[in-house]
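J.: For the sequence shown, the UniProt record's numbering begins at 1 and goes up steadily by one.
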Amino acid sequence: MRRAKSKKLIKPKKNKPIILSHHTLPGLQQGQEKMSKSEPSSSIFMEDEEAEVNTKIKKAYCPPEKVEGNPCLEYVKYLIFPWFHEFTVERSEKNGGNRTFTTFEELSAAYATLNKILEPVRSHFKNDKSAKQLLQSVKNYRVTR
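1) Alpha carbon to alpha carbon, how far is glutamate 33 from leucine 25?
2) Would the segment 126-137 count as touching the segment 92-110 if we require 3 or more Cβ pairs under 8 angstroms?
3) Determine, using beta carbons only, whether lysine 56 and leucine 73 come nearer to each other than 7 angstroms.
4) Closer than 7 angstroms, CB to CB, is methionine 46 near chain D or not?
5) In terms of residue numbering, what span does the alpha helix (DSSP H) encompassing arginine 99 cover?
6) Is the beta carbon of tyrosine 61 sitting closer than 7 angstroms to the one on proline 71?
7) Based on DSSP bridge pairs, tell me the residues matched to threonine 88.
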């Protein structure tokens, strides 16, 4: 037993609480370095219903050309991979079918690579006048449902 300043005896506690430190996850909205209790839509709480979690994830900020600090990728890196050791992106067969990643490095490389592949195409349609017109013609033919 230890003595407190007031010289009273303090019995040692059995199950002392401990603090577990972990990576601080960013908020789900743009420009948030960490989740905020005051902005419930920017955080996922233990008591959130499945529908709430799904809505928050669908509305999350996920910049297409940014791997570092991307909230969606941070969640996959620090929550999904440690628990499940893989992450599957569900896609239709038309879009190449599902793709399963077994490491975060593989996922982030694929994420960054896709934009590297598309960048020259984007640049062409942005900077070439006839390509711009062609793209606009194609967009005009798109059928929406």
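Positions of the beta carbon are idealized from the N, C-alpha and C atoms, including for glycine.
The model shown is predicted, which means the values in this text are computed figures rather than measured ones.
T.: Taking the structure as given:
1) 8 angstroms
2) no
3) no
4) Of the chains in the structure shown, none is chain D; there is only one protein chain.
5) No alpha helix (DSSP H) contains arginine 99, which is instead part of the beta strand (DSSP E) from 99-101.
6) yes
7) Thr100
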